[in-house]
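Novice: Each residue of the sequence shown is one higher than the one before, starting from 316 at the first, in our numbering.
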Amino acid sequence: MPLIGISSTDALARAAGQAGYVCPMLDARRDQVYTALYKGGERLWPDLAIAPTELAERLAELEEPVYCLGDGFAPYEEELRQRLGQQLQAIPPERRLVMAPAAAMLALEKYAKQEFTPVEALLPVYLRLSEAEEKRLAAEAAAKGGEA
316 MPLIGISSTD ALARAAGQAG YVCPMLDARR DQVYTALYKG GERLWPDLAI
366 APTELAERLA ELEEPVYCLG DGFAPYEEEL RQRLGQQLQA IPPERRLVMA
416 PAAAMLALEK YAKQEFTPVE ALLPVYLRLS EAEEKRLAAE AAAKGGEA
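(1) Out of T368, A419, R344 and L327, point me to the one whose CA is closest to A351's CA.
(2) Exposed or buried, V434, counting other C-beta atoms within 10 Å across all chains shown (16 or more means buried)?
(3) State the DSSP-derived secondary structure class of L354, mapped to helix, strand or coil.
(4) Strictly by DSSP, which residues pair up with L384?
(5) Short of 8 Å in beta carbon distance, which residues of its chain neighbour G299, apart from the five on each side in sequence? Order them along the chain.
(6) Taking the C-alpha atoms as reference points, what is the distance between T368 and V348?
(7) What's the call for G387, buried or exposed, on a 16-neighbour Cβ count within 10 Å?
(8) Since Y382 and Q404 should fall inside the 8 Å C-beta cutoff, what is the C-beta to C-beta distance between them, to a whole number of angstroms?
(9) Thinking C-beta only, is P390 closer than 9 Å to D325?
(10) Among W360, A364 and R344, which one has its Cα closest to the Cα of L377?
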């Protein structure tokens, strides 16, 4: 059976149903979001783990409306709105988290084009280390520093 990988940001962007700039946002915790940027269904940015303040600065450079959605949008909506004002366009709450139908449509499109994903390529994409990994590396670095 063929496999097809679909990214969460791709599915959210499709769910937005907008032709303009679309910025899906997934809550990455630690005051960051996972995001990318799309326009007309085309990906413009790679997936990023970014602070909302930095994201707002990058979006402000577009000088056009940007449609935002995802579980990472609501916690930072006010902060983004302060920087972007009317440029920020919120996808209605009832459509902000609907990814499954969009993911299915993306998969059907890839299936029709025979764009399958090899099983060895179906891996999660980690944009940053987990908090536990960061603490472990810091502890190892501190231990090495104390050996001298």
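In this text, a Cβ means the ideal position worked out from N, Cα and C, and glycines have one as well.
Every value quoted in this text rests on a predicted model; they were computed, and no experiment measured them.
Specialist: Per the coordinate set shown:
(1) L327
(2) exposed
(3) The sequence as given places Lys at residue 354; Leu does not occur at that position. K354 falls in the strand class under three-state DSSP.
(4) P339
(5) A query on residue 299 cannot be resolved here, the shown segment of the chain reaching from 316 to 463 and no further.
(6) 10 Å
(7) buried
(8) 5 Å
(9) no
(10) W360
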